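**Q** In the working numbering, the protein residues as written are 152 to 427.
Structure in structure tokens, see below.
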């Protein structure tokens, strides 16, 4: 877990601070309330529900700018984020294990069946309070500027998210939680089929695998990994595939040559001859 702290005193009138933390792995709508009193007037009080909406909107805008898909708001992840934000605000504890559990465990407690769970947390403090838009912007910008949090926000393998903001009644700090997920139902399933008369070897991500003749192996992944066949590397002609849902990679041997044919779900066969 990485955390970053920023503190500032502005003209002797009010204090601001920012803390952000992120980790890869999980209540009711928090009521609006004011921060500590400002020296020269009433502290500003942001609408926390609207700030939460703006954080989700800003995160998707950032993902679009970086060529990532839009995240859908997911009910169980929203509940996970709300409960943890409320816990942080109520206890003033600040870590991904503040309640004694990991993000994935919290998501599971809210009946989310995860393939991937990632979480960002942060808090903001300003004795003068915040405008709603400014509070949301500060959370987003703080995460974007930190490599670990930015990575979570831009993870191409997550599909949905839940976000929340809560305020501590004791200190006036605002706590924000982002929970990103990919459900188990969205795991990528594909198969490698060895129709040749010899054992073949291939690599999936960082794992080296072998497959006996006339055997089919089905893989299920949460994150897409590159698929390579060993003999292509030996010939200096690396050929890689990016498996998609329902793909079948069929290896045959004809006249001393291996052929890998890819049958994409709902599509015809494609492939090339590869000499061993």
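Using N, Cα and C, we set each Cβ at its ideal position, and we do this for glycine too.
Computed from a prediction, not measured in an experiment: that's the story for all the values here.
Could you check the C-alpha separation between residue 343 and residue 268 for me, to the nearest Å?
**A** Rounded to whole angstroms, residue 343 to residue 268 spans 27 Å at the Cα level.
**Q** Is the CB-CB distance between residue 195 and residue 279 below 8 Å?
**A** Closer than 8 Å, so yes.
**Q** Would you report the Cα separation of residue 363 and residue 393, rounded to the nearest angstrom?
**A** Each residue's Cα considered, the two are about 22 Å apart.
**Q** I'd like the span of the alpha helix (DSSP H) that includes residue 254, first residue to last.
**A** Its alpha helix (DSSP H) spans residues 254–260.
**Q** For residue 281 and residue 197, what's the separation of their Cα atoms in angstroms?
**A** Straight-line Cα distance between these residues: approximately 6 Å.
**Q** So, for residue 378: in the same chain, excluding its five sequence neighbours on each side, which residues have a beta-carbon less than 6 Å away from its beta-carbon?
**A** Result list for residue 378: 355, 392, 394, in chain order.
**Q** Could you give the C-beta distance for residue 413 and residue 400, rounded to a whole number, given that I count them as a contact under 8 Å?
**A** Yes, residue 413 and residue 400 are in contact; Cβ-Cβ is about 6 Å, under 8 Å.
**Q** So within the region 217–243, which uninterrupted alpha helix (DSSP H) runs reach at least 4 residues, ignoring any that extend past its ends?
**A** List check, alpha helix (DSSP H) in window: 226–242.
**Q** Quick check on residue 220: buried or exposed, where buried means 16 or more other Cβ atoms within 10 Å of its Cβ?
**A** So residue 220 ends up on the exposed side.
**Q** Please tell me whether residue 312 and residue 228 are closer than 8 Å, where the distance is taken between their beta carbons.
**A** Cβ atoms of residue 312 and residue 228: closer than 8 Å.
**Q** If the criterion is Cβ atoms closer than 8 Å, does the pair residue 337 and residue 310 meet it?
**A** Against a cut-off of 8 Å, the Cβ pair of residue 310 and residue 337 comes out as a contact.
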